[in-house]
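S.K.: What follows is a structure written as structure tokens; I'll ask about it next.
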Amino acid sequence: AQSVTQPDIHITVSEGASLELRCNYSYGATPYLFWYVQSPGQGLQLLLKYFSGDTLVQGIKGFEAEFKRSQSSFNLRKPSVHWSDAAEYFCAVGAILTGGGNKLTFGTGTQLKVEL
Amino acid sequence: EPEVTQTPSHQVTQMGQEVILRCVPISNHLYFYWYRQILGQKVEFLVSFYNNEISEKSEIFDDQFSVERPDGSNFTLKIRSTKLEDSAMYFCASSPGGSLAYEQYFGPGTRLTVT
Numbered sequence: 181a182q183s184v185t186q187p188d189i190h191i192t193v194s195e196g197a198s199l200e201l202r203c204n205y206s207y208g209a210t211p212y213l214f215w216y217v218q219s220p221g222q223g224l225q226l227l228l229k230y231f232s233g234d235t236l237v238q239g240i241k242g243f244e245a246e247f248k249r250s251q252s253s254f255n256l257r258k259p260s261v262h263w264s265d266a267a268e269y270f271c272a273v274g275a276i277l278t279g280g281g282n283k284l285t286f287g288t289g290t291q292l293k294v295e296l
Numbered sequence: 159e160p161e162v163t164q165t166p167s168h169q170v171t172q173m174g175q176e177v178i179l180r181c182v183p184i185s186n187h188l189y190f191y192w193y194r195q196i197l198g199q200k201v202e203f204l205v206s207f208y209n210n211e212i213s214e215k216s217e218i219f220d221d222q223f224s225v226e227r228p229d230g231s232n233f234t235l236k237i238r239s240t241k242l243e244d245s246a247m248y249f250c251a252s253s254p255g256g257s258l259a260y261e262q263y264f265g266p267g268t269r270l271t272v273t
């Protein structure tokens with residue numbers, strides 16, 4: 181069965197600093213990987229996804245993530261964090277369902293705090 | 159921009175009562191899902207729904223749970239007899255068909271509190 185590990189529960193960075201959020205996955209086949217962000221009182225917003233091809237994927241809000249098969253990782257990065265990026269970030273792996281669509285398995289999330 | 163909506167945002171119910179959580183997926187999406195997040199825990203998959211039937215369900219989704227798409231726009235989750243451990247945030251999601259079928263769009267969630 182698939183699983184996702186986000187080793188950092190909380191991360192604090194200063195505004196303008198770079199950010200890297202770690203994600204490791206376990207999945208038997210080529211994974212479909214996602215990063216979602218959740219702001220307080222909001223739903224989960226899709227930041228970016230990896231299905232195949234270029235291992236460096238770009239997302240919304242200036243985020244990017246790199247798929248490294250050898251390390252089973254899909255870390256999220258941003259070169260310069262803004263105060264509005266403070267939120268909870270979830271990494272997820274998708275398993276294709278025989279009936280169509282996919283089932284997401286989420287990590288426990290990383291809470292990002294941005295210091296001004 | 160189209161979005162998934164959920165009502166109510168917060169539902170309080172007594173143990174043993176039936177609750178129905180409502181979702182309006184994005185128009186023209188084909189796949190529908192429910193997930194839940196118990197406070198302090200991971201977001202967990204409950205069920206997926208396609209072509210008017212359940213395509214997969216988790217172990218959590220026992221006989222107390224049911225889903226329905228009663229018309230062309232709503233997607234509901236019913237819990238027949240709520241338990242204290244059903245208290246959680248419930249998220250609805252939908253995804254389009256074709257090559258974008260794996261991109262799920264989530265609603266803001268319904269916080270269910272069972273007392």
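Sequence lines, in order, name chains A and B.
Residues in the first sequence are numbered consecutively from 181, following my numbering.
Residues in the second sequence are numbered consecutively from 159, following my numbering.
We treat Cβ as the ideally placed atom computed from N, Cα and C, and that holds for glycine.
The model shown is predicted, which means the values in this text are computed figures rather than measured ones.
Between which two residues does the beta strand (DSSP E) containing Thr285(A) stretch?
M.R.: Position 105 of the first sequence, counted from the first residue, corresponds to residue 285(A). Asn282 to Phe286 is the extent of the beta strand (DSSP E) around Thr285(A).
S.K.: Using beta-carbon positions only, say whether Leu118(B) and Leu179(B) come within less than 8 Å of one another.
M.R.: Because chain B spans 159 through 273 in this model, residue 118(B) falls outside it and cannot be assessed.
S.K.: Got a sec? Which residues, its chain only, sit under 6 Å from Gly255(B) by beta carbon, not counting five neighbours each side?
M.R.: Locating residue 255(B) in the second sequence gives position 97, where the first residue counts as 1. Leu188, listed in sequence order.
S.K.: Using 8 Å for Cβ pairs, my map puts Arg269(B) next to Glu176(B). What's the rounded Cβ distance?
M.R.: Taking the second sequence and counting its residues from 1, the one referred to as residue 269(B) is at position 111. Taking the second sequence and counting its residues from 1, the one referred to as residue 176(B) is at position 18. That pair is no contact at about 17 Å.
S.K.: Cβ atoms of Val237(A) and Leu199(A): under 8 Å apart, would you say?
M.R.: Counting from 1 along the first sequence, the entry for residue 199(A) is found at position 19. Counting from 1 along the first sequence, the entry for residue 237(A) is found at position 57. Cβ distance not < 8 Å, so Leu199(A) and Val237(A) don't count as in contact.
S.K.: So within the stretch 191-256 of chain A, which uninterrupted beta strand (DSSP E) runs reach at least 3 residues, ignoring any that extend past its ends?
M.R.: 199-201, 204-206, 212-218, 224-230, 236-238 and 244-248
S.K.: Taking Cβ to Cβ, would you say Arg202(A) is nearer than 8 Å to Asn255(A)?
M.R.: By one-based count along the first sequence, residue 202(A) stands at place 22. By one-based count along the first sequence, residue 255(A) stands at place 75. The answer is yes: Cβ separation under 8 Å.
S.K.: Which chain B residues are close to Lys283(A), counting only those with a beta carbon under 7 Å from its beta carbon?
M.R.: Here residue 283(A) refers to the residue found at position 103 of the first sequence. When 7 Å is used as the limit between beta carbons, Lys283(A) is near these residues of chain B: Phe203, Ser206 and Glu214, in chain order.
S.K.: Less than 8 Å between the C-beta atoms of Ala298(A) and Val217(A), yes or no?
M.R.: Nothing in the structure corresponds to residue 298(A), since chain A is present only between 181 and 296.
S.K.: Kindly indicate the opening and closing residues of the beta strand (DSSP E) around Gln166(A).
M.R.: Beyond the ends of chain A as shown, which are 181 and 296, falls residue 166(A); an answer cannot be given.
S.K.: For the beta strand (DSSP E) that contains Gly274(A), what are its first and last residues?
M.R.: Working through the first sequence from its first residue, we reach residue 274(A) at position 94. Counting along the chain, the beta strand (DSSP E) containing Gly274(A) begins and ends at Ala267 to Ile276.
S.K.: Name, please, each residue of chain B whose Cβ falls closer than 9 Å to the Cβ of Gln238(A).
M.R.: Within the first sequence, numbered from 1, the residue matching residue 238(A) stands at position 58. Simply none; closest approach about 15 Å.
S.K.: Quick check on Gly274(A) - is its C-beta less than 8 Å from some C-beta in chain B?
M.R.: Mapped onto the first sequence, residue 274(A) falls at position 94. It does: the Cβ of Gly274(A) has a partner Cβ on chain B nearer than 8 Å.
S.K.: Quick one: which chain A residues come within Cβ less than 8 Å of Gly256(B)?
M.R.: Here the question's residue 256(B) lines up with position 98 in the second sequence. The contacting residues do not exist; Gly256(B) stays about 10 Å from chain A at best.
S.K.: Could you tell me whether any Cβ in chain B is nearer than 8 Å to the Cβ of Gln222(A)?
M.R.: As a first step, residue 222(A) is located in the first sequence; it is residue number 42 there, counting from the start. Yes, contact with chain B.
S.K.: Counting contacts by CB-CB distance shorter than 8 Å, is Phe286(A) in contact with chain B?
M.R.: As a working note, residue 286(A) is residue 106 in the first sequence. Closer than 8 Å: yes.
S.K.: Nearest chain B C-beta to Glu243(A) closer than 8 Å, yes or no?
M.R.: Numbered from 1 along the first sequence, position 63 holds the residue referred to as residue 243(A). Reading off the sequence shown, one finds Phe at residue 243(A), where the question assumed Glu. For Phe243(A), the answer is no, since every Cβ of chain B falls outside 8 Å of its Cβ.
S.K.: In chain A, which residues lie with their C-beta within 7 Å of the C-beta of Ser253(B)?
M.R.: Indexing the second sequence from 1 puts residue 253(B) at position 95. Result: Gly281.
S.K.: Compute the Euclidean distance between the alpha carbons of Gln222(A) and Cys250(B), then round it to the nearest angstrom.
M.R.: Walking along the first sequence from the start, residue 222(A) turns up at place 42. Walking along the second sequence from the start, residue 250(B) turns up at place 92. Going from the Cα of Gln222(A) to the Cα of Cys250(B) covers about 12 Å.
S.K.: Who pairs with His168(B) in a beta bridge, going by DSSP?
M.R.: Taking the second sequence and counting its residues from 1, the one referred to as residue 168(B) is at position 10. Paired residues: Arg269(B).
S.K.: Hey, could you find the ends of the beta strand (DSSP E) Lys215(B) is sitting in?
M.R.: Residue mapping note: residue 215(B) aligns to position 57 of the second sequence, counting from 1. Per DSSP, Lys215(B) belongs to the beta strand (DSSP E) from Glu211 to Lys215.
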